[in-house]
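Protein chains in written order, with our numbering: chain B, 1 to 485; chain U, 486 to 980. Note that the Cβ used here is the ideal one computed from N, Cα and C, for glycine as well. Reviewing the structure listed below.
Set out below in structure tokens:
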């Protein structure tokens, strides 16, 4: 059975189509493994029974034309799922059961996917280590007491621990790519506007984007093809021609120009990250790509810009959690007292911190100095990329400035935690597609990722470069299943 | 209201000691857009439904729900802008106005703050002393909030979200209004324009039209603006006028006492007929406006605007001009006839049905006289008139062609009220046809003169007043059916 759970999505689909494995067998394998993997705490809400039932139904009436025929899939608990509790990792939504389905998850079910359960994440996706979740830490399958990254930490851990063949996360400032990098897996943030935000609990609306997380690049291309769609229910969804990403996937990237931005050599970056990047450049050359030095001059402003824009939007997006309509309600003497108690008890420290920052930067008298200026800088960051793309087809950078850190190591130091997003955040600010692929290990044997950033709507090139580099890198996670022992 | 209209001077001044103050008023009118569905969701906007039956997941701000702009509401706002002779902005932006309240599910209202869809325009008021132009500052689109109900449950506030997300147009005037009368005329004109356009039904009882009133005072002749107070959410013209009078006098009193006026938001207590402080400028909310990241800037092309321009019906000012030019109606009558679209429609239908030999004066008098009296008495709108335009036109034609007298017409009019009966049928059934046969009338008059010989002699001796007596007798003898013109002629001849 363990063989089933270690298959890639592509292999699992192939086996199911060839009737070597049934959907129900696959579901059972993942459920059994999950039952033995409680220690790593990836699930907030299990949907096991229903998954087993639905897989059986699929087997009774199989449809092998679907792109995900009877494939059990666990998803980040930020996607609203009809009749399945959706918490966003927060106490304030602890009891919330939606009566509707997010467009992205609906796309998955429409193609034959079956929900295994809802995966842990940082509260309202605010965090880089999954430590802000109301439902507790997630263990990185790589090593005990190591964070799996965040905010899609439950997703990356579930993937690395073979508890789901693929998964989806959301990425506002690196929440797909950073956890992928920390767990030796692949994570793709598509262009803003590719995947509908309808039914995804909002963190920062102008930055949030759902994307695939997988064991290899091919699997991400298969899943992206399913989840990327134009959606009238999301006014920021963009109606562009989407590729058949998996069938158009190629390792032929000869002659593609790949930019190396000098500003990503940040002060205090560990040697091993520098080395990894150099190795990555060599791999890209081996694949036939041309390496070009470029400049993204406003890079150093990206992090402060992000930590103004994202909390500002979050402070407003989270105003709806007030105890009036759904979710947690604490009793109070009057309306204001009820608000204060509900939100004090319902939100964790990091969420409160960001709501406070966001409220502050939008306040009259501070708006121009912070929010407005941040929006202007955001335009400059976008322009940096526009100009770079006149010269190159894609950009190669490290995914993170370090490998996974220990649980508790940074949880009392928000700024050092925020620094984790330094390479991923500019991509969100510019709305670009970016992928993280595993590319090596540090001195502790913890995985390290490389990031490939593409032109808007050019996920195909990003995937193709990742696909060909992946072959050269030939990275293999060495996971011992320590949590089952 | 008629009383105010009929005064020949709408100036409003306050005299204290030796000072004469004028009042400066600006209005922020909230007009509910006529639309089947809400501004950002597909829920119904129908008035009077059971609480919380017209609420979508978007309206109740469920997690992950996103607003999608209703194109029809955008069109309605642009049409209104065209009706206000205003600049339509090709690009406008929806912002979030952040504040917490139980009937505001999102925790913010989506509104247009910096970049409204409609810019500057103007409205012409017909005042007794002449026309007055009032500037429009802007018109923007925004969501309405839900309704908090405090008086059903003794210990809880109940919330009805049916109204949550309904589209409103906020129409902001310049501080150009100077009296309660002008406010009355302004609101009525806005309402009239929007009803012509079909963009707002203007129903104040149902809350489709409400206003925040900004009031300040200054010594007449001064060009500086005084410190203003904003009176929130007044929902009838009468209350607006009462609030303005109270507030202006309160401010004048303060100034005369040598005190400063605080810029503040006030509420009008309709029971006590006074305004009272709601919050001072220091306590003003910080709404933390910022562009709603869920919505892209709203862009409309010139072609889109031009298409809407081509769909604009004839508006009250143009209609009035046409009534004067084409129908030779007096400016005074024309103003009344065009003030409400349904009255104008009714009048035009009567005119059309009267045919070639139409008599405008009769049509105007019957509508603004008899018909309006009935509508007032029954407290109904002209759209619900118990007498159709077609039948009123018939009645007028019966007068015009001499079939009935004006007096008989009034009797017939009363009978027509009972089920919109064709006046021709009443004339025939009741035998009310006017007696216009000269021979028959001569015989009748001969008899009257014979019976009243003495009075006939007195008349001949110069007591001309008695002519009326003979007319009266003749009408009486004919049961009111005698053609009065013929009676006059015959009497003059015979006496």
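Residues in its own chain within less than 7 Å of residue i by CB, not counting five upstream and five downstream?
i: residue 851 of chain U; result: 877 and 881
i: residue 242 of chain B; result: 228
i: residue 790 of chain U; result: 563 and 573
i: residue 970 of chain U; result: none
i: residue 784 of chain U; result: 575 and 576
i: residue 172 of chain B; result: 125, 203, 204, 207, 208, 310 and 428
Mind checking who residue i pairs with in its DSSP beta bridge?
i: residue 625 of chain U; result: U/655
i: residue 119 of chain B; result: B/43 and B/76
i: residue 124 of chain B; result: Bridge partners of residue 124 of chain B: none, in fact.
i: residue 633 of chain U; result: U/644
i: residue 593 of chain U; result: U/583
i: residue 717 of chain U; result: U/752
i: residue 775 of chain U; result: U/581
i: residue 193 of chain B; result: BP columns for residue 193 of chain B are empty, so no partner.
Using C-beta distances below 6 Å, list every residue in its chain close to residue i, excluding the 5 sequence neighbours before and after it, in chain order.
i: residue 69 of chain B; result: 16 and 112
i: residue 19 of chain B; result: none
i: residue 981 of chain U; result: In this structure chain U extends from 486 to 980, so residue 981 of chain U is not present and cannot be described.
To the nearest angstrom, how far is the alpha carbon of residue i from that of residue j?
i: residue 654 of chain U; j: residue 563 of chain U; result: 10 Å
i: residue 743 of chain U; j: residue 736 of chain U; result: 11 Å
i: residue 207 of chain B; j: residue 23 of chain B; result: 36 Å
i: residue 379 of chain B; j: residue 370 of chain B; result: 14 Å
i: residue 665 of chain U; j: residue 604 of chain U; result: 25 Å
i: residue 869 of chain U; j: residue 855 of chain U; result: 15 Å
i: residue 289 of chain B; j: residue 472 of chain B; result: 13 Å
i: residue 693 of chain U; j: residue 754 of chain U; result: 20 Å
i: residue 405 of chain B; j: residue 441 of chain B; result: 13 Å
i: residue 596 of chain U; j: residue 525 of chain U; result: 11 Å
i: residue 348 of chain B; j: residue 561 of chain U; result: 44 Å
i: residue 240 of chain B; j: residue 191 of chain B; result: 11 Å
i: residue 363 of chain B; j: residue 309 of chain B; result: 13 Å
i: residue 826 of chain U; j: residue 905 of chain U; result: 22 Å
i: residue 280 of chain B; j: residue 398 of chain B; result: 9 Å
i: residue 49 of chain B; j: residue 21 of chain B; result: 19 Å
i: residue 812 of chain U; j: residue 823 of chain U; result: 13 Å
i: residue 224 of chain B; j: residue 429 of chain B; result: 21 Å
i: residue 520 of chain U; j: residue 544 of chain U; result: 16 Å
Can you list, in chain order, the residues of its chain with a C-beta nearer than 8 Å to that of residue i? Leave out the 5 residues immediately preceding and following it.
i: residue 913 of chain U; result: none
i: residue 886 of chain U; result: 842
i: residue 278 of chain B; result: none
i: residue 462 of chain B; result: 188, 394, 433, 434, 435, 452, 453 and 454
Assign residue i to one of three DSSP states: helix, strand, or coil.
i: residue 110 of chain B; result: helix
i: residue 531 of chain U; result: coil
i: residue 540 of chain U; result: coil
i: residue 328 of chain B; result: coil
i: residue 182 of chain B; result: helix
i: residue 498 of chain U; result: strand
i: residue 58 of chain B; result: helix
i: residue 517 of chain U; result: strand
i: residue 487 of chain U; result: Because the pLDDT at residue 487 of chain U is just 35, under 50, the model does not fix this residue reliably, and the value given afterwards should be weighed accordingly. Residue 487 of chain U falls in the helix class under three-state DSSP.
i: residue 617 of chain U; result: strand
i: residue 506 of chain U; result: strand
**Prompt:** Is the number of C-beta pairs between the segment 546-560 of chain U and the segment 610-619 of chain U that are closer than 8 Å three or more?
**Reply:** no
**Message:** Counting beta carbon pairs with one atom in the segment 856-876 of chain U and one in the segment 834-842 of chain U, are three or more of them shorter than 8 Å?
**Reply:** yes
**Prompt:** Are there three or more Cβ pairs, one per stretch, closer than 8 Å when the segment 359-378 of chain B is compared with the segment 771-779 of chain U?
**Reply:** yes
**Asked** Can at least three beta-carbon pairs, one atom from the segment 586-596 of chain U and one from the segment 814-823 of chain U, be found at a separation below 8 Å?
**Response** no
**Asked** If we count Cβ pairs, one from each stretch, closer than 8 Å, do we get three or more for the segment 102-122 of chain B versus the segment 180-198 of chain B?
**Response** yes
**Asked** Would you call the segment 458-475 of chain B and the segment 624-639 of chain U in contact, with 3 or more CB pairs under 8 Å?
**Response** no
**Prompt:** Do the segment 71-87 of chain B and the segment 157-170 of chain B touch if we need at least three Cβ pairs shorter than 8 Å?
**Reply:** yes
**Request:** Count the C-beta pairs between the segment 500-510 of chain U and the segment 641-657 of chain U that are closer than 8 Å, then say yes if the count reaches three, no if not.
**Result:** no
**Asked** Is the segment 455-462 of chain B touching the segment 386-399 of chain B, taking contact as three or more C-beta pairs under 8 Å?
**Response** yes
**Request:** Count the CB pairs spanning the segment 58-66 of chain B and the segment 156-164 of chain B that are closer than 8 Å, and state whether there are at least three.
**Result:** no
**Item:** Segment contact flag, the segment 956-966 of chain U with the segment 920-935 of chain U, C-beta cutoff 8 Å, min 3 pairs
**Value:** yes
**Asked** Is it a yes or a no for the segment 3-13 of chain B touching the segment 203-220 of chain B, going by three-plus beta-carbon pairs under 8 Å?
**Response** yes
**Item:** the segment 442-450 of chain B / the segment 416-426 of chain B touching (three or more Cβ pairs under 8 Å)
**Value:** no
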